[in-house]
Amino acid sequence: KAGVTQTPRYLIKTRGQQVTLSCSPISGHRSVSWYQQTPGQGLQFLFEYFSETQRNKGNFPGRFSGRQFSNSRSEMNVSTLELGDSALYLCASSQDRGNTGELFFGEGSRLTVL
Amino acid sequence: GENVEQHPSTLSVQEGDSAVIKCTYSDSASNYFPWYKQELGKGPQLIIDIRSNVGEKKDQRIAVTLNKTAKHFSLHITETQPEDSAVYFCAASKGAGGTSYGKLTFGQGTILTVHP
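These protein sequence lines map, in sequence, to chains A and B. Okay, so the first sequence: first residue is 1 according to the working numbering, each after it adds one. Okay, so the second sequence: first residue is 115 according to the working numbering, each after it adds one.
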């Protein structure tokens, strides 16, 4: 069974630009969550989608947005990039069923903002 | 919102020794406490989790204990091996019981180094 796939793996942008990151969850998983990982702030929750609806949102500015498609694939977008947005962006999927709480993480998209 | 504190930030042990990592949480409504291991260049991977209706859980060399009254939980690794070297994260959520598991509040992480 294929794992969570994130694209692109690495990207470099300049301040003011925007970026779109993609996440393909494990087949059958309906929940997709996004996290930002930085050395200073650690792992911080961005948002979670389930059945194309945003179910939870973290404390990030409106420049950070996301969506989920009918096939459970998800994208997140960051507009008007700032230097502080440089981070590893991790996507995680889960079955979201019964007592199964495990999140399966992808390897992340590493964004560098110059 | 929830706040999770994790200690120590770095931990160095000899192969075969035990390692203990401790976390405290602030929201008494949290009911699900997973531990994730992250190796270099990879995403975090669940190694063990515990729900608030359980005080202890064990899986081979790994165990987790939970003290709801004190709002802290700990990861215990016995007979450590070099391949246990990684960054370990504790987390908390209100996911158990049918609500969303996707929103986790993570601790800052512990870099564990196991020397051969």
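Beta carbons: idealized from backbone N, C-alpha and C, even for Gly. All figures in this text were calculated on a predicted structure; none of them were measured in a lab.
Residue i to residue j span [Cα, whole Å]
i: residue 188 (chain B); j: residue 200 (chain B); result: 17 Å
i: residue 58 (chain A); j: residue 45 (chain A); result: 5 Å
i: residue 72 (chain A); j: residue 29 (chain A); result: 7 Å
i: residue 116 (chain B); j: residue 206 (chain B); result: 8 Å
i: residue 184 (chain B); j: residue 136 (chain B); result: 12 Å
i: residue 18 (chain A); j: residue 5 (chain A); result: 21 Å
i: residue 55 (chain A); j: residue 68 (chain A); result: 11 Å
i: residue 134 (chain B); j: residue 88 (chain A); result: 27 Å
i: residue 167 (chain B); j: residue 140 (chain B); result: 17 Å
i: residue 40 (chain A); j: residue 196 (chain B); result: 26 Å
i: residue 171 (chain B); j: residue 204 (chain B); result: 15 Å
i: residue 216 (chain B); j: residue 20 (chain A); result: 21 Å
Buried or exposed (CB count within 10 angstroms, at least 16 for buried), residue i
i: residue 105 (chain A); result: buried
i: residue 128 (chain B); result: exposed
i: residue 162 (chain B); result: buried
i: residue 143 (chain B); result: exposed
Option in the options with minimal Cα separation from residue i
i: residue 147 (chain B); options: B:228, B:157 and B:182; result: B:182
i: residue 66 (chain A); options: A:32, A:86 and A:12; result: A:32
i: residue 158 (chain B); options: B:227, B:223 and B:230; result: B:223
Would you list, in chain order, the members of the region 135 to 159 of chain B that have their beta-carbon closer than 9 Å to a beta-carbon of chain A? 146, 148, 150, 152, 155, 156, 157, 158 and 159
The region 59 to 73 of chain A: which residues have C-beta closer than 7 Å to a C-beta of chain B, in chain order? Listed in chain order, the positions of the region 59 to 73 of chain A with a beta carbon within less than 7 Å of a beta carbon of chain B would be empty, since no residue qualifies.
Any C-beta of chain B within less than 8 Å: which residues of the region 79 to 93 of chain A qualify? 90 and 92
With 7 Å as the limit, tell me which residues of the region 19 to 39 of chain A have their beta carbon closer than that to any beta carbon of chain B; keep them in chain order. 31 and 33
At a CB distance below 7 Å, what residues from the region 162 to 175 of chain B approach chain A? Give them in sequence order. 163
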